[in-house]
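Novice: Residue numbers (the working numbering): 30 to 181. Cβ coordinates follow ideal geometry from the N, Cα and C atoms, glycine included. Bear in mind that the values here come from a model prediction, so they are computed numbers and not experimental data.
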């Protein structure tokens, strides 16, 4: 995904999640993340995920990126309310500066996207599969580039 001007990526960890109500009256899940800025300072940022019909696909995508599968958890969003279910989950956030309220001249950091950490969309192999893959690859590599005499 190409970043637009004013956006940047950070590795982050979930520190808290709570169900709540926005000022508009819409129910939401607020997830707070911790990350380090370019100077190495600890920063917190909160993303807000809504459950309206229009927002639901984005919320589901973000929950999956945080390692929570809605279907496997029978859509029990109550399990996300002020519990440790998401705490410690690693993600990659796309952040941007937002003027809020608009026209106020006051800017704050906003979460634009929540992406799964690592793998760039690659599904991780199960430990047994990884071991078998590594053994097979080692054999193939040794045929193509056998060790040199005297090398370990």
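What is the DSSP secondary structure of residue 118, reduced to helix, strand or coil?
Specialist: Translated into the one-based positions of the chain shown, residue 118 becomes position 89. It is coil, neither helix nor strand.
Novice: With distance defined between alpha-carbon atoms, name the residue in 63, 175, 126, 78 nearest to residue 92.
Specialist: Within the chain shown, the letter at position 63 stands for residue 92. It is 78.
Novice: Tell me whether residue 37 sits in a helix, a strand or coil according to DSSP, three-state version.
Specialist: Locating residue 37 in the chain shown gives position 8, where the first residue counts as 1. In the structure shown, residue 37 sits in a strand (DSSP, three-state: E or B).
Novice: Measuring alpha carbon to alpha carbon, tell me which residue in 80, 143, 177 is nearest residue 54.
Specialist: Start at 1 with the first residue of the chain shown, and residue 54 comes out as number 25. The candidate whose alpha carbon is nearest that of residue 54 is 80.
Novice: Helix, strand or coil for residue 68? Go by DSSP, reduced to three states.
Specialist: One-based indexing of the chain shown puts residue 68 at position 39. Residue 68 falls in the coil class under three-state DSSP.
Novice: Give me the Cβ distance between residue 73 and residue 109, rounded to the nearest whole Å; I'm assuming they're in contact under 8 Å.
Specialist: Here residue 73 is taken as the residue at index 44 of the chain shown, counted from 1. Here residue 109 is taken as the residue at index 80 of the chain shown, counted from 1. Not really, about 18 Å apart at Cβ, beyond 8 Å.
Novice: Might you give, ordered along the chain, the residues of its own chain that have their beta carbon closer than 6 Å to the beta carbon of residue 30, omitting 5 neighbours on each side?
Specialist: For the purposes of this step, residue 30 is taken as the residue at position 1 of the chain shown. No answer about residue 30 holds up, because its pLDDT of 49 lies below 50 and its placement is not dependable.
Novice: Do residue 29 and residue 62 have their CB atoms nearer than 8 Å?
Specialist: The question about residue 29 has no answer here: the residues shown for the chain are numbered 30 through 181.
Novice: In the structure shown, what three-state DSSP assignment does residue 126 receive?
Specialist: Residue mapping note: residue 126 aligns to position 97 of the chain shown, counting from 1. The answer is strand: DSSP assigns residue 126 an E or B state.
Novice: How many Å lie between residue 95 and residue 177 at the Cα?
Specialist: Counted from its first residue, the chain shown places residue 95 at position 66. Counted from its first residue, the chain shown places residue 177 at position 148. Roughly 45 Å between the two C-alpha positions.
Novice: Once you ignore the five residues that flank residue 36 on each side, which residues in its own chain have a CB closer than 8 Å to its CB?
Specialist: By 1-based counting over the chain shown, the position of residue 36 is 7. Excluding residues within five positions, the ones whose Cβ falls inside 8 Å are 123, 124, 125, 141.
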